[in-house]
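Novice:
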Amino acid sequence: MTGSVRMKNPAMLITDIDNTLYDFPAYYEAGLRAAIEEILNTFDADIDTVIAWLRDIYARHGSIEYPFAIEELPPARNFGLDRRHQFVQRTLRAFWTAATAQLELYPTVQFALRELHRQGVPVIAYTDAPIHEATRRLSQLGVSRYLTGIVARAWFRKRPMATFVLCLQDLPGFSRPSRRLEIVWRIPSSERKPSVAVYQRIANAFDMLPSRVTVL
1202 MTGSVRMKNP AMLITDIDNT LYDFPAYYEA GLRAAIEEIL NTFDADIDTV IAWLRDIYAR
1262 HGSIEYPFAI EELPPARNFG LDRRHQFVQR TLRAFWTAAT AQLELYPTVQ FALRELHRQG
1322 VPVIAYTDAP IHEATRRLSQ LGVSRYLTGI VARAWFRKRP MATFVLCLQD LPGFSRPSRR
1382 LEIVWRIPSS ERKPSVAVYQ RIANAFDMLP SRVTVL
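Next up, the structure:
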């Protein structure tokens, strides 16, 4: 996170993603409902039990976007490797299919980002979401091409268990940050928004005066 990306334009936009570019609760709720339905169709459990399983896993890992949660469901650990892999992939696909059906930009967002890009204004996405989740949603929304950089939470690390079956690259819609981006920063959880220090580092990277930076 060092070095300067010198830009001629005297203005910059730093924007959040979730609930700024689109409706995150609508996206996530639709996906979670579909995933739970798939889990209920696989295991002999009621919905309250499944929700309790997921709540416990998310609490232990500090995020509802922990990508290995499905693998950690108690009954899934009794599956053989092949069967568990099929179950995980099927459930993640159900989540992504239902969630992306609700993934739509708020009105005027695409127009605004396109105009800023056309005028050469740097647009940096700064989000608390894990970077793999941020990039796949931005790609699905079709706005990655308007961004100059992305600052997001670092990748999750899997625990060293040989029985885990999921790689991040296996996630439906997985997308790496574009090489075209000027900055791609993975930040620790301690630098969650709003972090004035992170805003300042972004501005410094572009030799931008704070007075010329707009934050959404």
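Sequential numbering of the sequence shown, starting at 1202, is according to the working numbering.
Built from N, CA and C at the ideal position, the CB exists for glycine as well.
(1) Can you tell me which of the three DSSP states I1240 falls into?
(2) Just confirm the distance between the C-beta atoms of A1295 and A1236, as a whole number of angstroms; I'd bet it's less than 8 Å.
(3) Run through the stretch 1308 to 1370 for me and flag every whole alpha helix (DSSP H) of 4 or more residues, listed as ranges in chain order.
(4) Distance check for S1340 and L1369, CA to CA, integer angstroms please.
(5) So if DSSP puts M1213 in a beta bridge, which residue, or which two residues, is it bridged to?
(6) Checking the sheet assignment: what are the DSSP bridge partners for L1306?
(7) Between R1381 and W1356, which are expected to be in contact by the criterion C-beta below 8 Å, what is the C-beta distance as a whole number of angstroms?
(8) I'd like the list of long-range same chain contacts for D1329, defined as Cβ closer than 7 Å, with 5 residues on each side in sequence excluded.
(9) Out of curiosity, what's the CA-to-CA distance linking N1220 and P1331?
(10) Report the option in S1390, R1413, E1273, E1383 whose CA atom is closest to the CA atom of D1257.
(11) Going by the beta-carbon positions, is the gap between P1423 and W1297 smaller than 8 Å?
(12) Cutting at 8 Å between CB atoms, please list the residues of its own chain near I1325, excluding the five before and the five after it.
Specialist: For this structure:
(1) helix
(2) 6 Å
(3) 1310 to 1319, 1332 to 1342
(4) 16 Å
(5) V1414
(6) Y1223
(7) With 8 Å as the limit, R1381 and W1356 do not qualify as a contact, their Cβ atoms being about 20 Å apart.
(8) R1354, R1393, K1394
(9) 15 Å
(10) E1273
(11) What is shown of the chain runs 1202 to 1417, which leaves residue 1423 out entirely.
(12) M1213, L1214, I1215, T1216, L1348, T1349, G1350, I1351, V1352, I1384, I1403
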